[in-house]
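Beneath this line is the structure, given in structure tokens, with notes to follow.
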Amino acid sequence: MSKLRLAVMVSGGGTNLQSILDACVSGRIDAEVAVVLCNVADAYALERARQTGVPGVYVPAGRKSGTVEWEAADAEHLRLLAQYGVELICMAGYMRRLGPMVYQAYQGRVLNIHPALLPSFMGAHGQRDAVEYGVPISGCTVHFADEQFDTGPVIIQAAVPVLPGDDEASLGARILMQEHRIYPQAIQWYAQGRLRVEGRRVIVEKAPPPTMAEAIISPGLETR
Ligand code: GRF
């Protein structure tokens with residue numbers, strides 16, 4: 002059986018990319034990364050692609066939606082996605098909005114990971130915003146992406162506590178550990194054809210029960 006061909010879109014360090022590459026190699030997901038697309042020329046994610054022997058392509062994407070540069074990126078993305086036979090796009094820390102031509106061609110075939118429990122703390126600073134708001138629980142979300150930011154149907158979430166003294170970096174590191182667990186799982190469900198979208202809800206066929214020893218209550222309850 003041929004494996005699902007992924008494009009992973011990145012802008013930064015690429016630890017999520019690494020977790021996806023590793024899951025492809027270990028067989029946890031029945032997919033292969035056909036190409037890595039990156040809008041930052043010196044992003045470490047491109048080095049991770051190189052080390053794994055996966056093509057990594059720098060595509061400048063422009064800061065603002067609707068600009069000539071951004072539209073050129075849309076066309077270039079579409080061309081590369083076709084060239085590499087991509088079936089599913091996984092945005093993993095891609096800090097730009099994808100263009101309308103890509104969404105048109107890949108309707109229902111674009112995933113994103115967000116470092117907060119959507120719909121809380123949408124936007125580019127989910128970890129920092131959670132710390133500043135003072136919530137005791139945050140987490141991460143894998144969702145189908147649409148042309149807006151962070152608004153598509155949710156596939157899977159993981160919750161983590163925000164601990165006293167946490168800052169953006171320490172909370173971000175705790176969240177990342179869970180991102181690396183839930184993103185490969187969501188991709189595997191997609192690869193297995195087990196995801197069905199009904200309105201805002203994503204049905205996972207034969208979904209396992211939630212992984213929890215008990216609910217995360219933060220701060221904890223006191224026993225007496
Ligand atoms: C992750 O926290 C992801 O949720 C967010 O950007 C970060 C990317 O991290 N969208 P990495 O490049 O995968 O390490």
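Here the sequence shown is numbered in the numbering used here, starting from 2 and rising by one per residue.
Heads up, the beta-carbon is just placed ideally off N, CA and C, and yes, glycines get one too.
Closer than 7 Å: residue i CB and nearest ligand 1 heavy atom
i	result
threonine 152	no
valine 11	yes
asparagine 40	no
isoleucine 138	no
leucine 7	no
Beta-carbon proximity check, residue i vs residue j, cutoff 8 Å
i	j	result
leucine 89	arginine 110	yes
alanine 159	isoleucine 30	no
valine 55	valine 34	yes
alanine 131	alanine 117	yes
valine 161	leucine 119	no
Alpha carbon of residue i to alpha carbon of residue j, nearest angstrom
i	j	result
aspartate 167	glycine 86	42 Å
valine 11	leucine 99	12 Å
arginine 195	glycine 124	28 Å
arginine 107	glycine 153	Reading off the sequence shown, one finds tyrosine at residue 107, where the question assumed arginine. If you take the alpha carbons of tyrosine 107 and glycine 153, they lie about 14 Å apart.
methionine 102	valine 41	21 Å
glutamate 148	leucine 112	12 Å
alanine 174	cysteine 39	22 Å
isoleucine 188	histidine 181	12 Å
proline 1	glycine 200	Outside the shown range of the chain (2 to 225) lies residue 1, about which nothing can therefore be said.
leucine 7	alanine 214	33 Å
Cβ-heavy atom distance, residue i to ligand 2, below 7 Å
i	result
glutamate 199	Among the ligands present in this structure, namely ligand 1, ligand 2 is not found.
6 Å CB neighbourhood of residue i in its chain, flanking five on each side removed
i	result
tyrosine 104	Glu148
7 Å CB neighbourhood of residue i in its chain, flanking five on each side removed
i	result
proline 185	Ser20, Ile21, Ala24, Arg29 and Ile30
Beta-carbon proximity list for residue i, same chain, < 8 Å, skipping 5 on both sides
i	result
glycine 67	none
Just list the alpha helix (DSSP H) runs in the region 185-209, keeping only unbroken ones of 4 residues or longer that don't cross its boundaries, in chain order. none
Threshold first: 3 residues or longer. Then list the beta strand (DSSP E) segments lying entirely within the region 122-166, N to C. 138-145 and 155-162
Curious, which full-length beta strand (DSSP E) runs of at least 3 residues does the region 49-97 contain? 57-59 and 89-92
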